[in-house]
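Chemist: Chains as they are written, first to last, in this note's numbering: chain A, 14 to 173; chain B, 50 to 296. From the three backbone atoms N, C-alpha and C, an ideal C-beta is built for every residue, glycine too. I am attaching a structure below and will ask some questions about it afterwards.
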């Protein structure tokens, strides 16, 4: 049990390379952690299926955990669970805002246009904003503009 | 049954690979920065979907390495539809193609949420959420440009007239769609659902569907336009220099 705790503590140090303020646990990317006589088995999921960071993250999990626990680590992609933006923890959303990226609202299985059209500006807190494009610098972000403070900002997209 | 599933997965993968490549040709050339980024992002999504599907094929009996399968087949073994093969042409052509294709993808993946084939059912859950952003993007621009003045409307109508017969080719019947009825509802049903989804958007955009059209069939059986050959030449040029290289 203590080993499992130690693995989770180690995973807290593995950051998302595209959003370096969030670790893989806060991102909701870890779906299972097991240990047996062969070593440690970690299952993870990508945010978007074409996420180019996935192999980097996988390697980073493997390197960090094996260094901390001194055990062989196998990291596999979990096909049974699909990432969706409700998996982001509250802490993660708070940190996102601090990083200048608007957090996705909680969804109930469908993305409605309203969730994208009036996103709260992470700079000034105004709702007087509009979406410039559902696509941005990375697959998981959309571009918005704030009429109040005149700033462009990004939103971590809600994803079902 | 297994062979029929392979046919289905191959045509979906080839569509995604080829259109993904075409979308990427807008990188650096988009009419405005946001569109440049949008087509580049959608290209990335499509290549991701293709990769997931090629891996699914690899996991089936007699499966091949995804890169080898994607880059080293002769053109006659590709199962993509002609719509995906066409050069990017004008922006309005590429936009209309994206609109018609991504709505087709949406009905296809929605139907696969109920598939008896587990790997497709799992992938469908992932892809469906991502496609939502593709159709949102397409619908917004189709409506805006369809109603954007006489010249804009005329260009969009011409794009629809040229794309529509090609898009009808997405739904070329497979060798035995009936034999796959537990896996997905078949091309005919998908085409009907697709029409129900695109019609309201086209109406809002004040665009008219062309009358009788001859669907561009053949792609699903390995008969392609010359554009595919040229594209495959370019796409596989580096890969073929050393197919065993580790990247």
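At a CB distance below 7 angstroms, what residues from the segment 144-159 of chain B approach chain A? Give them in sequence order.
Modeler: Cβ contacts with chain A: none found.
Chemist: Based on Cα-Cα distance, which residue from A:87, A:78, A:170, A:27 lies nearest to residue 100 of chain A?
Modeler: Taking the first residue of the first chain as position 1, residue 100 of chain A is located at position 87. For the residues A:87, A:78, A:170, A:27, the minimum Cα distance to residue 100 of chain A belongs to A:170.
Chemist: Taking a cut of 7 angstroms between CB atoms, which residues from the segment 69-100 of chain A lie near chain B?
Modeler: Result list: 92, 93, 95, 97.
Chemist: Chain B partners of residue 173 of chain A, CB-CB under 8 angstroms?
Modeler: The residue given as residue 173 of chain A occupies position 160 in the first chain. Under the 8 angstroms cutoff, chain B gives 177, 178, 181.
Chemist: What is the DSSP secondary structure of residue 56 of chain A, reduced to helix, strand or coil?
Modeler: Here residue 56 of chain A refers to the residue found at position 43 of the first chain. DSSP places residue 56 of chain A in strand when its eight states are reduced to three.
Chemist: Threshold first: 3 residues or longer. Then list the beta strand (DSSP E) segments lying entirely within the segment 224-280 of chain B, N to C.
Modeler: With a minimum length of 3 residues, there is no unbroken run of beta strand (DSSP E) contained wholly in the segment 224-280 of chain B.
Chemist: Closest by CA to residue 84 of chain A, which one among A:168, A:91, A:74, A:138?
Modeler: Within the first chain, the letter at position 71 stands for residue 84 of chain A. For the residues A:168, A:91, A:74, A:138, the minimum Cα distance to residue 84 of chain A belongs to A:74.
Chemist: Quick check: residue 236 of chain B and residue 249 of chain B, are their CB atoms within less than 8 angstroms of each other?
Modeler: Stepping through the second chain from its first residue, residue 236 of chain B is reached at position 187. Stepping through the second chain from its first residue, residue 249 of chain B is reached at position 200. For residue 236 of chain B and residue 249 of chain B, no; Cβs fall outside 8 angstroms.
Chemist: Output, in chain order, the set of chain B residues within a Cβ distance shorter than 7 angstroms of residue 244 of chain A.
Modeler: Outside the displayed span of chain A (14 to 173) sits residue 244 of chain A, for which this structure offers no information.
Chemist: Report the neighbours of residue 62 of chain A on chain B: residues whose CB is nearer than 7 angstroms to its CB, in chain order.
Modeler: Working through the first chain from its first residue, we reach residue 62 of chain A at position 49. By Cβ distance, chain B contributes 97, 98, 101, 175, 176, 179.
Chemist: Taking 8 angstroms as the CB-CB limit, is residue 83 of chain B close to chain A?
Modeler: The count along the second chain starts at 1 and reaches residue 83 of chain B at position 34. Output row for residue 83 of chain B: interface = yes.
Chemist: Here's the rule I'm using: 16 or more other beta-carbon atoms within 10 Å means buried, otherwise exposed. How should residue 269 of chain B be labelled?
Modeler: Position 220 of the second chain holds residue 269 of chain B. Buried is the call here.
Chemist: Less than 8 angstroms separating the beta-carbons of residue 152 of chain B and residue 67 of chain B?
Modeler: Position 103 of the second chain holds residue 152 of chain B. Position 18 of the second chain holds residue 67 of chain B. Contact: no.
Chemist: Reducing DSSP to helix, strand and coil, say where residue 71 of chain A ends up.
Modeler: Here residue 71 of chain A corresponds to residue number 58 of the first chain, with the count starting at 1. DSSP places residue 71 of chain A in helix when its eight states are reduced to three.
Chemist: Of the choices B:289, B:174, B:108, whose alpha-carbon is the least far from that of residue 123 of chain B?
Modeler: In the second chain, residue 123 of chain B corresponds to position 74, counting from 1. Checked all of B:289, B:174, B:108; the closest Cα to residue 123 of chain B is B:289.
Chemist: Could you check which residue in B:87, B:105, B:238, B:254 has the C-alpha nearest to that of residue 173 of chain B?
Modeler: Taking the first residue of the second chain as 1, we reach residue 173 of chain B at position 124. For residue 173 of chain B, the closest C-alpha among the options B:87, B:105, B:238, B:254 is that of B:105.
Chemist: Can you find the residues in the same chain that come closer than 6 angstroms, C-beta to C-beta, to residue 34 of chain A, ignoring five residues on each side of it along the sequence?
Modeler: Position 21 of the first chain, counted from the first residue, corresponds to residue 34 of chain A. Same-chain partners within the cutoff: 108, 112.
Chemist: At which residue ranges does the segment 78-145 of chain A contain complete alpha helix (DSSP H) runs of 4 or more residues, listed in the order of the chain?
Modeler: 103-111, 127-130
Chemist: Could you tell me whether the Cβ atoms of residue 110 of chain B and residue 224 of chain B are closer together than 8 angstroms?
Modeler: Sequence index remark: in the second chain, residue 110 of chain B carries index 61 (1-based). Sequence index remark: in the second chain, residue 224 of chain B carries index 175 (1-based). Contact: no.
Chemist: For residue 295 of chain B, does the three-state DSSP call read helix, strand or coil?
Modeler: If you number the second chain from 1, residue 295 of chain B lands on position 246. Coil, per DSSP.
Chemist: Using the Cα positions of residue 29 of chain A and residue 150 of chain A, report the straight-line distance between them to the nearest angstrom.
Modeler: Within the first chain, residue 29 of chain A is the residue found at index 16, counting from 1. Within the first chain, residue 150 of chain A is the residue found at index 137, counting from 1. The alpha-carbon atoms of residue 29 of chain A and residue 150 of chain A are separated by roughly 15 angstroms.
Chemist: Less than 8 angstroms between the beta carbons of residue 144 of chain B and residue 218 of chain B, yes or no?
Modeler: Residue mapping note: residue 144 of chain B aligns to position 95 of the second chain, counting from 1. Residue mapping note: residue 218 of chain B aligns to position 169 of the second chain, counting from 1. It is not a contact, given that the beta carbons lie outside the stated cut-off.
Chemist: Comparing the C-beta of residue 130 of chain A with each C-beta of chain B, is any distance below 8 angstroms?
Modeler: Within the first chain, the letter at position 117 stands for residue 130 of chain A. No, because no Cβ of chain B sits closer than 8 angstroms to the Cβ of residue 130 of chain A.
Chemist: By a C-beta neighbour count over all protein chains shown, 10 Å radius and 16 as the cutoff for buried, is residue 146 of chain B buried or exposed?
Modeler: The residue labelled residue 146 of chain B in the question sits at position 97 within the second chain. Residue 146 of chain B should be labelled buried.
Chemist: Report the rounded CA-to-CA distance for residue 234 of chain B versus residue 163 of chain A, giving the unit in angstroms.
Modeler: Position 185 of the second chain, counted from the start, is the residue given in the question as residue 234 of chain B. Position 150 of the first chain, counted from the start, is the residue given in the question as residue 163 of chain A. C-alpha separation (whole angstroms): 49 angstroms.
Chemist: Pair every Cβ in the segment 205-212 of chain B with every Cβ in the segment 153-168 of chain A, then say whether three or more of these pairs are closer than 8 angstroms.
Modeler: no
Chemist: Can you name the residues of chain A whose CB is closer than 8 angstroms to the CB of residue 94 of chain B?
Modeler: In the second chain, counting from the first residue as 1, residue 94 of chain B sits at position 45. Ordered by position in chain A, the residues that pass the 8 angstroms Cβ test against residue 94 of chain B are 61, 62, 63, 152.
Chemist: Using 8 angstroms as the cut-off, can you tell me whether the segment 62-76 of chain B makes contact with the segment 90-109 of chain B, which would need three or more C-beta pairs spanning the two stretches below that distance?
Modeler: yes
Chemist: Going along chain A in order, which residues have a C-beta closer than 8 angstroms to the C-beta of residue 90 of chain B?
Modeler: Along the second chain, read from residue 1 onward, the residue named residue 90 of chain B stands at position 41. The contacting residues are 148, 149, 152.
Chemist: Which residues does DSSP pair with residue 289 of chain B in a beta bridge?
Modeler: Reading the second chain from its first residue, position 240 is the one you call residue 289 of chain B. Answer is none; residue 289 of chain B lacks a bridge partner.
Chemist: Distance, Cα to Cα, residue 36 of chain B vs residue 166 of chain A?
Modeler: Given that chain B is displayed from residue 50 to residue 296, the structure contains no residue 36 of chain B and the question cannot be resolved.
Chemist: I need the straight-line Cα distance from residue 196 of chain B to residue 96 of chain B, nearest angstrom please.
Modeler: Here residue 196 of chain B refers to the residue found at position 147 of the second chain. Here residue 96 of chain B refers to the residue found at position 47 of the second chain. Going by C-alpha positions, residue 196 of chain B is about 32 angstroms away from residue 96 of chain B.
Chemist: Starting from residue 46 of chain A, follow the beta strand (DSSP E) in both directions and report where the run begins and ends.
Modeler: To locate residue 46 of chain A, count along the first chain from 1; it is residue 33. 43-49 is the span of the beta strand (DSSP E), which, as asked, contains residue 46 of chain A.
Chemist: Give the single residue among A:58, A:65, A:82, A:27 whose Cα lies nearest to the Cα of residue 17 of chain A.
Modeler: As a first step, residue 17 of chain A is located in the first chain; it is residue number 4 there, counting from the start. It is A:82 whose Cα lies nearest to the Cα of residue 17 of chain A.
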